[in-house]
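Residue numbers (our numbering), protein chains in the order written: chain A, 407 to 747; chain B, 407 to 747; chain C, 407 to 747.
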Amino acid sequence: MKTNPGRFFEDYKVGEVITHGVPRTVSGGERALYHALYPARHALYSSDQFAADCGLRAAPLDDLIVFHIVFGKTVPDISLNALANLGYAEARWLLPVYPGDTLRSVSEVVGLKQNSNGKSGIVWVRTTGLNQRDEPVLSYVRWVMVRKRDLGVAAPEVVKPELLGAVAAEDLVIPAGLDFGGYDFALAGEPHRLGDYGIGEQIDHVDGVTIEEAEHMMATRLWQNTARVHFDATAHPDGQRLIYGGHVISLARSLSFNGLANAQMIAGLNGGAHVNPCFAGDTVRAWSEVLDKAETSSPGVGAIRLRLVATKGDTFELREGDGRYLPDVLLDLDYWALMPL
Amino acid sequence: MKTNPGRFFEDYKVGEVITHGVPRTVSGGERALYHALYPARHALYSSDQFAADCGLRAAPLDDLIVFHIVFGKTVPDISLNALANLGYAEARWLLPVYPGDTLRSVSEVVGLKQNSNGKSGIVWVRTTGLNQRDEPVLSYVRWVMVRKRDLGVAAPEVVKPELLGAVAAEDLVIPAGLDFGGYDFALAGEPHRLGDYGIGEQIDHVDGVTIEEAEHMMATRLWQNTARVHFDATAHPDGQRLIYGGHVISLARSLSFNGLANAQMIAGLNGGAHVNPCFAGDTVRAWSEVLDKAETSSPGVGAIRLRLVATKGDTFELREGDGRYLPDVLLDLDYWALMPL
Amino acid sequence: MKTNPGRFFEDYKVGEVITHGVPRTVSGGERALYHALYPARHALYSSDQFAADCGLRAAPLDDLIVFHIVFGKTVPDISLNALANLGYAEARWLLPVYPGDTLRSVSEVVGLKQNSNGKSGIVWVRTTGLNQRDEPVLSYVRWVMVRKRDLGVAAPEVVKPELLGAVAAEDLVIPAGLDFGGYDFALAGEPHRLGDYGIGEQIDHVDGVTIEEAEHMMATRLWQNTARVHFDATAHPDGQRLIYGGHVISLARSLSFNGLANAQMIAGLNGGAHVNPCFAGDTVRAWSEVLDKAETSSPGVGAIRLRLVATKGDTFELREGDGRYLPDVLLDLDYWALMPL
């Protein structure tokens with residue numbers, strides 16, 4: 407058979423390094439599409455001039471473009487037969503990506519644990535995105551539940567990676583040259599600096615966006631993510647297409663501009679869960695909670711740790727009394743962003 | 407509160423200059439999207455070669471891309487609490503914008519007049535778009551009706567700017583070097599020069615385009631226009647999203663290629679009214695009327711003043727007997743374009 | 407009348423050369439949109455690095471972008487009054503097209519045959535796409551059935567061009583410098599080389615894509631194709647818009663990555679028929695059949711001749727017992743691609 411059947415649980419070995427196919431050169435086209443598909447407005451990613459004034463050589467591509475491209479390449483090898491996308495951890499952005507850069511992905515299998523039912527198991531991979539100079543630009547761990555094809559294969563030795571609950575602020579990688587000393591708050595769109603936010607503060611990002619099928623499919627294809635459920639209406643009993651979780655992440659992050667316009671660069675992602683499915687017709691809103699704050703060694707650059715919640719409802723409520731997420735909640739994300747002190 | 411509540415009528419002072427946030431570097435990506443979202447075909451904006459043969463260094467971005475970007479930046483400061491977008495005047499394009507340029511907007515409050523009901527007022531602003539060299543690329547006046555938050559604040563002194571009914575042909579700014587002396591009508595797509603059009607002549611642009619939600623939202627986001635009514639189906643009783651008026655302008659202008667292929671550059675906008683709302687599912691058609699013609703000081707370059715009407719119907723009728731616009735009419739725009747003599 | 411009424415059958419003369427309007431400079435924006443509209447993943451068109459490793463100076467634009475742009479320009483002159491798009495033949499890609507290139511089209515009328523009903527006739531044209539250096543980048547013959555406006559005009563002498571059933575492998579133009587000697591199959595996404603495919607082998611490309619109105623209209627506009635039926639819901643009794651046949655070609659070709667990831671460059675198109683109309687809501691699948699294989703004079707470069715079938719169903723069946731295409735079949739295309747030996 408010439409087509410890719412995907413890998414099954416018994417096909418993974420701890421320590422194996424998988425080279426993912428289809429490297430990608432990015433241009434201003436990817437940025438324009440990103441800004442058409444999401445209400446993205448962070449000035450550092452919108453203006454070469456603003457980025458240069460912050461010490462970068464030009465406006466990088468939005469960090470989540472990099473995440474989606476690096477992630478998308480892993481789908482044919484990691485999650486084609488996945489039953490569930492269980493989590494992310496220890497994501498760090500290591501180098502800005504500029505138009506003209508070429509991205510590729512490699513993943514190392516860092517954990518395996520067969521489920522007690524013998525029919526599936528959990529696979530942990532550490533994925534690294536690399537540019538055309540083989541420099542790592544992004545690294546993260548994700549874990550997925552994958553079906554077994556041959557139930558007769560013995561369970562592998564259990565290897566469960568030890569994962570940090572959160573990237574430590576001092577381990578965040580600040581782009582070389584980044585300097586918020588002369589940061590222009592008026593051009594950035596909001597006056598709030600790190601000192602204006604208090605730990606525990608919640609921000610309602612106010613606006614809602616109703617999603618269309620054409621939009622999430624265009625986005626997901628742009629990242630060369632091939633998971634069938636996003637594109638084929640006949641694959642779902644209701645004729646609906648499941649929206650790629652990353653689409654909801656980008657939508658929520660873009661909506662968070664309103665209140666967090668100066669949370670410019672995403673430097674780390676501590677964890678995230680897609681807690682309910684999202685479909686076309688849903689109107690997505692977002693709110694954030696400040697989890698932590700830190701200084702960095704770069705001039706004027708602080709770090710803010712945020713919970714970002716995407717919801718179809720309009721409250722700050724997250725969970726039922728029994729601890730389960732409310733049905734309106736779509737996403738619960740925990741990340742670090744760089745913000746002027 | 408960290409989110410932007412927008413300004414209310416009592417927050418504006420005549421003479422105040424507002425720096426709008428989120429500068430934007432444009433690339434070929436914005437052009438490609440514009441040409442995917444609208445049936446745009448004017449050769450000067452499609453081909454570097456054609457533009458160079460007309461004396462420009464490359465194909466500029468479509469003039470309405472510049473308008474939408476400059477306009478979009480003003481929304482959070484000018485029209486977030488607007489009850490109505492009342493008009494435009496005295497718009498002049500001052501310099502072509504090329505891929506790689508960075509645009510930002512500033513607005514000066516040039517007029518204020520509280521309404522007699524005491525609940526709202528009219529704000530006039532002169533908005534200027536600037537490039538990365540701080541050169542103005544576009545200037546226009548618009549006025550909006552804005553709510554008061556605090557009804558107890560006294561009405562400001564009435565200042566009503568004197569606005570020209572139309573930009574005079576001799577005040578149009580012709581791009582340096584523009585030369586239609588060797589204009590290639592075959593490549594431009596139509597043989598008609600300025601002399602072939604008569605004042606009063608009407609042109610039915612024939613084609614219709616049915617609008618989809620995904621299209622107008624992508625366009626409006628691309629201009630970083632954040633007005634909620636365009637994106638949030640729950641904000642409208644019918645679950646429909648109001649289409650950004652600029653979307654209809656671009657659609658009508660693009661349709662006008664068929665009959666006005668040589669009305670290449672938009673140099674001035676004398677006035678415009680969005681006379682009825684437009685929603686997804688509407689099929690938009692357009693017709694034009696020649697209002698005036700003029701020569702310019704540039705070789706082979708004439709100016710044509712056009713009324714451009716977008717409609718959901720299919721007649722040249724504009725108004726009821728009582729002077730009100732017909733319900734099918736969406737847009738009545740008055741602009742100057744540059745055309746080979 | 408200023409608008410283009412299109413040409414009618416009696417307006418064509420054998421030997422006439424038609425210069426089509428609206429040249430087009432392409433950028434990374436067109437590529438990004440193509441990869442958002444179709445699940446395109448061939449590595450040579452996705453990565454400058456991969457293309458350089460194959461001897462090209464950068465990743466060219468996808469061959470079908472070139473086809474659609476060159477074709478789109480001919481619509482106002484060739485098929486505005488067409489009753490049917492009857493076929494393609496003898497298409498050869500002659501030179502890669504890179505971001506920054508400018509494309510234009512010319513067509514020569516190479517055949518005419520009035521239908522026996524006297525109301526229409528068949529027009530054959532050879533269309534050539536040229537770049538900014540006037541180098542041909544693509545050449546193909548297509549024929550369409552066009553209405554007569556004036557039934558009284560006498561039938562022209564019948565001229566029926568002799569067309570090849572298929573481009574001979576030795577007549578395919580291999581881009582200068584192309585070298586698959588060091589081809590990286592892991593980065594390309596699949597391990598299969600030309601020798602792994604057998605003549606007669608059928609490949610089910612597995613995935614399906616449900617089409618939205620916004621997507622096919624954006625694509626068709628991007629190619630500046632103006633045929634009304636694709637955009638105007640009021641032009642069709644069901645309120646549906648007929649999807650541009652090229653949209654189905656691109657969708658099927660992109661889906662064929664899964665099983666034919668190494669069929670990198672399209673070098674020739676031997677024939678093709680849009681056998682049933684396609685509408686939004688259809689879920690398109692694809693399968694391929696290997697028709698022929700050949701070596702070329704370039705290092706490591708082979709040629710594979712493929713039948714590519716797009717279908718709304720899920721079988722390899724193509725025709726009814728009486729030879730007619732099955733109603734689920736949308737496209738039957740015959741092309742040559744270049745593949746590592």
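Note that CB positions come from ideal geometry on N, CA and C, so glycine has one too.
Report the three-state DSSP secondary structure of K699 (chain A) (helix, strand or coil).
Counted from its first residue, the first sequence places residue 699 (chain A) at position 293. Under the three-state reduction of DSSP, K699 (chain A) is assigned to strand.
S511 (chain B) (DSSP reduced to helix, strand or coil):
The residue given as residue 511 (chain B) occupies position 105 in the second sequence. If DSSP states are grouped into helix, strand and coil, S511 (chain B) belongs with the strands.
Cβ atoms of G434 (chain C) and S433 (chain A): under 7 Å apart, would you say?
Against the first sequence, residue 433 (chain A) aligns to sequence position 27. Against the third sequence, residue 434 (chain C) aligns to sequence position 28. Yes, Cβ-Cβ distance for S433 (chain A) and G434 (chain C) is below 7 Å.
Contact check, D698 (chain C) vs R711 (chain C) under 8 Å by CB: the rounded distance?
As a working note, residue 698 (chain C) is residue 292 in the third sequence. As a working note, residue 711 (chain C) is residue 305 in the third sequence. At roughly 4 Å, the Cβ-Cβ gap stays under 8 Å, so D698 (chain C) and R711 (chain C) are in contact.
When Cβ atoms are compared, which residues of the region 427-454 of chain C fall closer than 7 Å to chain B?
Listed in sequence order: G427, V428, P429, R430, T431, S433, G434, G435, E436, A438, L439.
Can you give me the start and stop residues for the alpha helix (DSSP H) that T480 (chain A) sits inside?
Taking the first sequence and counting its residues from 1, one reaches residue 480 (chain A) at position 74. Looking at the DSSP string, the run of the alpha helix (DSSP H) that includes T480 (chain A) is 469-480.
With 16 other CB atoms within 10 Å as the buried threshold, where does T721 (chain A) fall?
Counting from 1 along the first sequence, the entry for residue 721 (chain A) is found at position 315. It is exposed - the Cβ of T721 (chain A) has fewer than 16 other Cβ atoms within 10 Å.
Does any CB atom of chain B fall closer than 7 Å to the CB of D638 (chain C)?
For the purposes of this step, residue 638 (chain C) is taken as the residue at position 232 of the third sequence. So yes, D638 (chain C) belongs to the interface.
Under DSSP, the alpha helix (DSSP H) around N664 (chain A) begins and ends at which residues?
Position 258 of the first sequence, counting from 1, holds the residue named residue 664 (chain A). Boundaries of the alpha helix (DSSP H) harbouring N664 (chain A): 663-666, taken from the DSSP string.
Determine the direct distance from the alpha carbon of L648 (chain C) to that of E618 (chain B), and round the result to whole angstroms.
Within the second sequence, residue 618 (chain B) is the residue found at index 212, counting from 1. Within the third sequence, residue 648 (chain C) is the residue found at index 242, counting from 1. When the Cα atoms are used, E618 (chain B) and L648 (chain C) turn out to be separated by approximately 15 Å.
If we define contact as Cβ-Cβ less than 7 Å, is H664 (chain A) a contact residue for chain B?
As a first step, residue 664 (chain A) must be located in the first sequence, where it is residue number 258. The residue asked about is misnamed: residue 664 (chain A) is Asn in this sequence, not His. Closer than 7 Å: yes.
Does the separation of the CB atoms of G558 (chain C) and L544 (chain C) fall below 7 Å?
Mapped onto the third sequence, residue 558 (chain C) falls at position 152. Mapped onto the third sequence, residue 544 (chain C) falls at position 138. Going by beta carbons, G558 (chain C) and L544 (chain C) fall outside the 7 Å limit.
Rounded to the nearest angstrom, what separates F415 (chain A) and V615 (chain B) at their Cα positions?
For the purposes of this step, residue 415 (chain A) is taken as the residue at position 9 of the first sequence. For the purposes of this step, residue 615 (chain B) is taken as the residue at position 209 of the second sequence. Going from the Cα of F415 (chain A) to the Cα of V615 (chain B) covers about 50 Å.
Interface residues of chain B facing E618 (chain A) [CB-CB closer than 8 Å]
As a first step, residue 618 (chain A) must be located in the first sequence, where it is residue number 212. Ordered by position in chain B, the residues that pass the 8 Å Cβ test against E618 (chain A) are E618, E619, A620, M623.
How about K566 (chain A) and G604 (chain A): are their beta carbons less than 7 Å apart?
In the first sequence, counting from the first residue as 1, residue 566 (chain A) sits at position 160. In the first sequence, counting from the first residue as 1, residue 604 (chain A) sits at position 198. Note that the C-beta distance between K566 (chain A) and G604 (chain A) is not below 7 Å.
Name the two residues that bound the continuous beta strand (DSSP E) containing D740 (chain B).
In the second sequence, counting from the first residue as 1, residue 740 (chain B) sits at position 334. That run of the beta strand (DSSP E) goes 735-746.
What residues match up with R532 (chain A) in a beta bridge as DSSP calls it?
On the first sequence, residue 532 (chain A) is found 126 positions in, with the first residue counted as 1. Assignment of beta-bridge partners to R532 (chain A) by DSSP yields A:E514, A:V547.
For V579 (chain A), does the three-state DSSP call read helix, strand or coil?
Residue mapping note: residue 579 (chain A) aligns to position 173 of the first sequence, counting from 1. V579 (chain A) falls in the coil class under three-state DSSP.
Look at the alpha carbon of Y650 (chain B) and the alpha carbon of T626 (chain B), and state the distance between them as a whole number of angstroms.
The residue labelled residue 650 (chain B) in the question sits at position 244 within the second sequence. The residue labelled residue 626 (chain B) in the question sits at position 220 within the second sequence. One C-alpha to the other measures close to 7 Å.
Under the assumption that V696 (chain C) contacts L737 (chain C) (Cβ atoms under 8 Å), give the Cβ distance between them as a whole number of angstroms.
Taking the first residue of the third sequence as 1, we reach residue 696 (chain C) at position 290. Taking the first residue of the third sequence as 1, we reach residue 737 (chain C) at position 331. That pair is no contact at about 17 Å.
Name, in chain order, the residues that DSSP records as bridge partners for T717 (chain B).
Within the second sequence, residue 717 (chain B) is the residue found at index 311, counting from 1. Note: T717 (chain B) sits in a beta bridge opposite B:R691, B:V735.
DSSP beta-bridge partners of V552 (chain C):
The residue you call residue 552 (chain C) lines up with position 146 of the third sequence. Paired residues: C:A488, C:G527.
Is any beta-carbon of chain C found at less than 7 Å from that of V654 (chain B)?
On the second sequence, residue 654 (chain B) is found 248 positions in, with the first residue counted as 1. For V654 (chain B), the closest Cβ of chain C is not nearer than 7 Å.
Interface partners of N487 (chain B) on chain A, CB under 7 Å
As a position in the second sequence, residue 487 (chain B) is number 81, starting the count at 1. Per Cβ cutoff of 7 Å: no residues; N487 (chain B) is ~13 Å from chain A at best.
Which chain B residues are close to Q538 (chain C), counting only those with a beta carbon under 7 Å from its beta carbon?
Your numbering for residue 538 (chain C) matches position 132 in the third sequence. Against Q538 (chain C), the close residues of chain B are Q455, in the order they occur along the chain (beta-carbon pairs closer than 7 Å).
Does I672 (chain C) have its Cβ less than 7 Å from a Cβ in chain A?
For the purposes of this step, residue 672 (chain C) is taken as residue 266 along the third sequence, with counting starting at 1. No, its Cβ sits nowhere closer than 7 Å to a Cβ of chain A.
Per-residue DSSP class, three states only, for V707 (chain B):
Residue mapping note: residue 707 (chain B) aligns to position 301 of the second sequence, counting from 1. In this structure, DSSP gives V707 (chain B) an extended state, which the three-state scheme calls strand.
In terms of alpha-carbon separation, which member of C:V481, C:V564, C:V579, C:A743 lies closest to G595 (chain B)?
Here residue 595 (chain B) is taken as the residue at index 189 of the second sequence, counted from 1. Nearest option by C-alpha distance: C:V481.
The alpha helix (DSSP H) enclosing G595 (chain C), as first and last residue numbers:
Sequence index remark: in the third sequence, residue 595 (chain C) carries index 189 (1-based). No alpha helix (DSSP H) contains G595 (chain C), which DSSP labels as neither H nor E.
DSSP-derived helix/strand/coil call for H680 (chain B):
For the purposes of this step, residue 680 (chain B) is identified with residue 274 of the second sequence, where counting begins at 1. Note: H680 (chain B) maps to strand in three-state DSSP.
Start-to-end residues for the beta strand (DSSP E) that takes in D459 (chain A):
Locating residue 459 (chain A) in the first sequence gives position 53, where the first residue counts as 1. Looking at the DSSP string, D459 (chain A) is not in any beta strand (DSSP E); the run it does join, the alpha helix (DSSP H), is 454-459.
Could you tell me whether the region 565-584 of chain B touches the region 485-500 of chain B, using the rule of 3 or more Cβ pairs below 8 Å?
Because the criterion of three Cβ pairs below 8 Å is met, the region 565-584 of chain B and the region 485-500 of chain B touch.
Would you list, in chain order, the members of the region 690-705 of chain C that have their beta-carbon closer than 8 Å to a beta-carbon of chain A?
From the region 690-705 of chain C, no residue has a Cβ closer than 8 Å to chain A.
Give the straight-line distance between the Cα atoms of I672 (chain B) and R659 (chain B), rounded to the nearest whole angstrom.
Within the second sequence, the letter at position 266 stands for residue 672 (chain B). Within the second sequence, the letter at position 253 stands for residue 659 (chain B). One C-alpha to the other measures close to 10 Å.
From the DSSP output, in three-state form, read off T626 (chain A) for me.
Stepping through the first sequence from its first residue, residue 626 (chain A) is reached at position 220. Helix at T626 (chain A).
What residue range is occupied by the uninterrupted alpha helix (DSSP H) comprising L462 (chain C)?
By one-based count along the third sequence, residue 462 (chain C) stands at place 56. Segment: none, L462 (chain C) is in no alpha helix (DSSP H) and carries neither H nor E.
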